[in-house]
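J.: The structure's right below; bear with me while I get my questions together.
Numbering (the numbering used here), first residue to last: 20 to 286.
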């Protein structure tokens, strides 16, 4: 392994141990399609998920939660102000917000809401596919609903713009995953081509990004690395997308330091 990569690998392994020890509570305002998937991914990893959508309890929740994950997949006029209030409470309690701008660029509402959330959060990680990142940055990206038609490397410039504009870190998901921070970028080459055929893979990664942020890993690197390795291993054990969805939860539960170091493809 390249000596220059020792530090990122140490960051990932340290974060994994910290998450398993601390079992952080992660508040998710997420979409109806993936609530079960993301909750199971968080539980398997060792975190404690709560799907909280009520304004009445949000101030209390954010006073003791570790992080807030906002996923706009099933956006509507009732959820938008609740998301805004949740971000206010996260800011008050100095908690990090993970934004998953699902379908950003597919409609004016999604794009405008994603930008409002990014602007409002004091501590922020944005995790999206290439088309969503490009659209969020204001460039003309290719998109078809919530699917990415742009390659992840095509979104690096847009991600750097977002890092500078919102003082945040950005994760671009794709065949190659990119983690972009003010200090530079890392590329991760794990995962599997079957993963896009299961709904909620990116949403689960966003939720895990919140879990690792809650224990101090605020770049998105640990979640991206671990989920990519898990997807790769699960695909080897799966006949198709249905079994992949089950197997990835099992692999997350079984993930350990030795497996990570052996399988991780990082540059």
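Backbone N, C-alpha and C fix where the C-beta goes; we use that ideal spot for every residue, glycine too. Computed from a predicted structure; not experimentally measured.
For a test of the three-state rule: what should DSSP assign to residue 70, helix, strand or coil?
T.: Here the question's residue 70 lines up with position 51 in the chain shown. Looking at residue 70 - three-state DSSP - the assignment turns out to be strand.
J.: Pull the bridge partners of residue 200 from the DSSP assignment, please.
T.: Here residue 200 refers to the residue found at position 181 of the chain shown. Bridge partners of residue 200: 203.
J.: Measure the beta-carbon distance from residue 209 to residue 199 and round it to whole angstroms, keeping in mind my assumption that it falls under 8 angstroms.
T.: Here the question's residue 209 lines up with position 190 in the chain shown. Here the question's residue 199 lines up with position 180 in the chain shown. Not confirmed; about 17 angstroms, so no contact.
J.: Whole angstroms are fine: how far does the CA of residue 60 sit from the CA of residue 120?
T.: Counting from one through the chain shown, the residue named residue 120 turns up at place 101. Counting from one through the chain shown, the residue named residue 60 turns up at place 41. Going by the C-alpha atoms only, they are around 19 angstroms apart.
J.: To the nearest angstrom, how far is it from the Cα of residue 155 to the Cα of residue 176?
T.: Taking the chain shown and counting its residues from 1, the one referred to as residue 155 is at position 136. Taking the chain shown and counting its residues from 1, the one referred to as residue 176 is at position 157. The straight-line gap from Cα to Cα measures roughly 12 angstroms.
J.: CB-CB under 6 angstroms to residue 264, same chain, minus the five flanking residues each way: which ones, in chain order?
T.: On the chain shown, residue 264 is found 245 positions in, with the first residue counted as 1. The residues are 217.
J.: Alpha carbon to alpha carbon, what distance is there between residue 266 and residue 257?
T.: The residue labelled residue 257 in the question sits at position 238 within the chain shown. The residue labelled residue 266 in the question sits at position 247 within the chain shown. The straight-line gap separating the alpha-carbon atoms of residue 257 and residue 266 is approximately 7 angstroms.
J.: Does residue 211 pass the burial test, meaning 16 or more other C-beta atoms within 10 Å, or should it be called exposed?
T.: Translated into positions along the chain shown, residue 211 becomes position 192. It is buried - the Cβ of residue 211 has at least 16 other Cβ atoms within 10 Å.
J.: Round the Cβ separation of residue 152 and residue 181 to the nearest angstrom and send it over; I've been treating them as touching at under 8 angstroms.
T.: As a position in the chain shown, residue 152 is number 133, starting the count at 1. As a position in the chain shown, residue 181 is number 162, starting the count at 1. That belief holds up - the Cβ atoms of residue 152 and residue 181 are roughly 7 angstroms apart, short of 8 angstroms.
J.: How big is the Cα-Cα spacing for residue 219 and residue 140?
T.: Residue mapping note: residue 219 aligns to position 200 of the chain shown, counting from 1. Residue mapping note: residue 140 aligns to position 121 of the chain shown, counting from 1. So the two alpha carbons sit approximately 23 angstroms from each other.
J.: Whole-angstrom Cβ separation of residue 85 and residue 53, contact assumed at under 8 angstroms?
T.: As a working note, residue 85 is residue 66 in the chain shown. As a working note, residue 53 is residue 34 in the chain shown. Under the criterion of beta carbons closer than 8 angstroms, residue 85 and residue 53 do not qualify as touching, at roughly 20 angstroms.
J.: Among 285, 284 and 275, which residue has its Cα nearest to the Cα of residue 33?
T.: Along the chain shown, one-based indexing puts residue 33 at 14. The shortest C-alpha separation from residue 33 is found at 275.
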